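Engineer:
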Amino acid sequence: METIHIPADTVRIISTSSKGDQSKWRVGDKWGKQNTRGYEGQAEVLASLVMAHSTLQETDYVMYHPCEIILPDGEKSLGCYSHDFKA
Numbered sequence: 000m001e002t003i004h005i006p007a008d009t010v011r012i013i014s015t016s017s018k019g020d021q022s023k024w025r026v027g028d029k030w031g032k033q034n035t036r037g038y039e040g041q042a043e044v045l046a047s048l049v050m051a052h053s054t055l056q057e058t059d060y061v062m063y064h065p066c067e068i069i070l071p072d073g074e075k076s077l078g079c080y081s082h083d084f085k086a
């Protein structure tokens, strides 16, 4: 599993859904998303694996991968990442 280190000067983006808030960061060419309920990353990874085995083209969806996120204060948590699809 890849480890994503969040630098202290990286801007945290908080997205809100019906299930609560999820923090995400852009680090280099990757977007890291931190689990807040413990399973969001697994859901993103599973959904992208399903899409990879569908008839969709690779450009029609985003692949997510599991990761460990290390925050600037040293706190560790699980999550997922994707490569920057906006670039």
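Numbering (numbering that gives the first Met the number 0), first residue to last: 0 to 86. For every residue, glycine included, the Cβ atom is placed at its ideal position computed from N, Cα and C. Quick caveat, the model's predicted, so the values are computed rather than measured.
With burial defined as no fewer than 16 other Cβ atoms inside 10 Å of the residue's Cβ, what is the status of residue 75: buried or exposed?
Structural biologist: When all chains shown are included, residue 75 counts as exposed.
Engineer: When the Cβ atoms of the segment 65 to 85 are set against those of the segment 24 to 36, are three or more pairs found closer than 8 angstroms?
Structural biologist: Because the criterion of three Cβ pairs below 8 angstroms is met, the segment 65 to 85 and the segment 24 to 36 touch.
Engineer: Near residue 51, what residues of its chain come up, given a Cβ to Cβ distance below 7 angstroms and the 5 sequence neighbours on each side ignored?
Structural biologist: Once the five neighbours on either side are set aside, the close Cβ partners of residue 51 are 62.
Engineer: Between 85, 38 and 55, which lies nearest to residue 66 when the distance is taken from Cα to Cα?
Structural biologist: The shortest Cα separation from residue 66 among 85, 38 and 55 belongs to 38.
Engineer: Just list the alpha helix (DSSP H) runs in the segment 5 to 29, keeping only unbroken ones of 4 residues or longer that don't cross its boundaries, in chain order.
Structural biologist: Segments of the alpha helix (DSSP H) lying fully in the segment 5 to 29: there are none.
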